[in-house]
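Here the structure is laid out as structure tokens; the discussion comes afterwards.
Here is the structure:
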């Protein structure tokens, strides 16, 4: 055993070496959930505990028989506090995406995949934070926000948290079973807007996120919230500027933009 | 040896300009941790301070009076995309250091400061001798706001978070001062060819 690594990173029970976040670990797929068209959640089981803050991400690495490797980043979709060995990642199929296509076409229950993390320590929410929280997500940008919302629920946190989620259609909406616990009616802490094809009889918003929409949600907070914004560059640029104009402190607006990294 | 994933194939051809673990994009993704700061060019300043002989504060006009340089090169983002064969234009760090009267022997690091509060650190030898500039144009056009307008540090041989957007200050120091991402889990140096992505990567 490498003494230097033991000294640097400590030992667990005096026996097992604790792995670093950047060590590759092998996860075995135990569950695959269809979330929406082109969007699936995969649960991976490891032989060591999983622990991260909501909003952190993991890398999946694939290796071909000739040694070629490709890797992609995926946000954790479910909180993990170290009491379980499982990790849930929600994965969107990207056009011509070599990693997501492989996962959608080849990965089954029992498949083994190399994963490392948690990575990134900025776009994170933990129940230790005391500011009210506004989560704004578009499309698959909801994935890390869903993790934050569940972390908030699991911790029974008393800080107000609201989610504003923009999806094209109901069919494209991820996590419907959580966000719409009663068919067609969003949970109290969730505001939906459908930008293309709302469900029949939908009474809510049917447009892109704008200043009025954000203004209405902001009035529900007792004090200005910390904001987490995740989605396409277009959505994030628009929403973050509107939040600054609405008076939020730019230092309390965290953003994650995704473009077309296949 | 890494686990081999059955059925996963390497691409038919791979460009030798692409570092390990990177994929080529034709679009240009945006990564910024917060809102894009909107900067009025009238208020823009570039401060050059720390261990330089004559600290300077340049206006946009003064900055643009300096000789421009271009670099045709590739950029590599730690989030695993690379964009190849871009043309960038700006003022080299050599030129800016010369304008500030040169560096003291004790200047070992550059700390770049940005509007919005972002910082990043780079060893001095990585920004001199034509290796870095303060860029104002990419692909023949002024930088768009989301890519760092009006000017960003450009150090293309390191992962692109080192190329600080919205730059407003260059401080030369004798000691290293890890910046925003460098204290938030990312590597202190960030060489794409050695895959120095995260703080525990070698």
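Chains as they are written, first to last, in the working numbering: chain A, 1 to 262; chain B, 263 to 464. All residues carry an ideal CB built from backbone N, CA and C; glycine is no exception. Because the structure is a prediction, the values reported are computed rather than measured.
Rounded to whole angstroms, the separation of the alpha carbons of residue 293 of chain B and residue 398 of chain B is 18 Å. Against residue 408 of chain B, the close residues of chain A are 233 and 237, in the order they occur along the chain (beta-carbon pairs closer than 7 Å).
Using a Cβ-Cβ cut-off of 8 Å, residue 297 of chain B counts as an interface residue toward chain A, since at least one Cβ of chain A sits closer than that to its own.
Inside the region 76–122 of chain A, DSSP marks whole alpha helix (DSSP H) runs of 4 or more residues at positions 98–106, from first to last along the chain. Distance from the CA of residue 184 of chain A to the CA of residue 275 of chain B, rounded to the nearest whole angstrom, comes to 48 Å. The beta carbon of residue 189 of chain A does not come within 8 Å of any beta carbon belonging to chain B, so the residue lies off that interface. Every beta strand (DSSP E) of 3 residues or more that sits fully in the region 203–252 of chain A is shown, in chain order, as 226–232. By the CB criterion at 8 Å, residue 78 of chain A and residue 135 of chain A fall outside the cutoff. Of all C-beta pairs linking the region 90–109 of chain A to the region 154–171 of chain A, fewer than three are shorter than 8 Å, placing the two stretches out of contact. Taking 8 Å as the threshold, the shortest C-beta distance from residue 26 of chain A to chain B falls below it. Taking 8 Å as the CB threshold, residue 460 of chain B lines the interface with chain A.
By the 16-neighbour rule on beta-carbons within 10 angstroms, residue 204 of chain A is exposed. Contact check between the region 92–109 of chain A and the region 19–35 of chain A: three or more CB pairs, one atom from each, fall below 8 Å, which counts as touching.
Per DSSP, residue 282 of chain B lies in no alpha helix (DSSP H) and is assigned neither H nor E. Judged by their CB atoms, residue 121 of chain A and residue 267 of chain B are not nearer to each other than the 8 Å cut-off. When Cβ-Cβ separations below 8 Å define contact, residue 69 of chain A makes contact with chain B. With respect to the 8 Å criterion, residue 462 of chain B and residue 312 of chain B are not classified as neighbours on the basis of their beta carbons. According to the DSSP assignment, residue 343 of chain B belongs to the beta strand (DSSP E) that extends over 343–354.
Judged by beta-carbon spacing, residue 82 of chain A lies beyond the 8 Å limit of residue 144 of chain A, meaning their Cβ atoms are not closer than that value. Residues of chain A whose Cβ lies closer than 7 Å to the Cβ of residue 429 of chain B do not exist, since the nearest Cβ in that chain is about 17 Å away. Chain order gives no chain A residues near residue 280 of chain B, where near means a beta carbon separation below 7 Å; the closest approach is about 11 Å. In this chain, the beta strand (DSSP E) harbouring residue 320 of chain B covers 318–321. Contacts with chain B at 8 Å (Cβ-Cβ) do not include residue 29 of chain A. Your pair residue 382 of chain B and residue 423 of chain B checks out as a contact, with CB atoms roughly 7 Å apart and the cut at 8 Å. DSSP, read as helix, strand or coil, puts residue 305 of chain B in coil. Inter-segment contact for the region 340–348 of chain B and the region 407–416 of chain B is absent: fewer than three beta-carbon pairs are separated by less than 8 Å.
Judged by DSSP in its simplified three-state form, residue 377 of chain B adopts coil rather than helix or strand. The three-state reading of DSSP puts residue 326 of chain B in helix, counting H, G and I together. Judged by DSSP secondary structure, residue 365 of chain B falls outside any alpha helix (DSSP H); it is assigned neither H nor E. Pairing residue 448 of chain B with residue 442 of chain B, the inter-Cα distance amounts to about 9 Å.
Contact annotation for residue 293 of chain B against chain A: 257 [CB-CB distance below 7 Å, chain order]. Contact between the region 221–235 of chain A and the region 181–199 of chain A is absent: fewer than three C-beta pairs spanning the two stretches fall below 8 Å. Judged by DSSP in its simplified three-state form, residue 177 of chain A adopts helix. Taking CB atoms only, residue 130 of chain A has no neighbour in chain B less than 8 Å away. Taking a 10 Å sphere around the C-beta of residue 452 of chain B, we find 16 or more other C-beta atoms and assign the residue as buried. Secondary structure of residue 149 of chain A (DSSP, three-state): helix.
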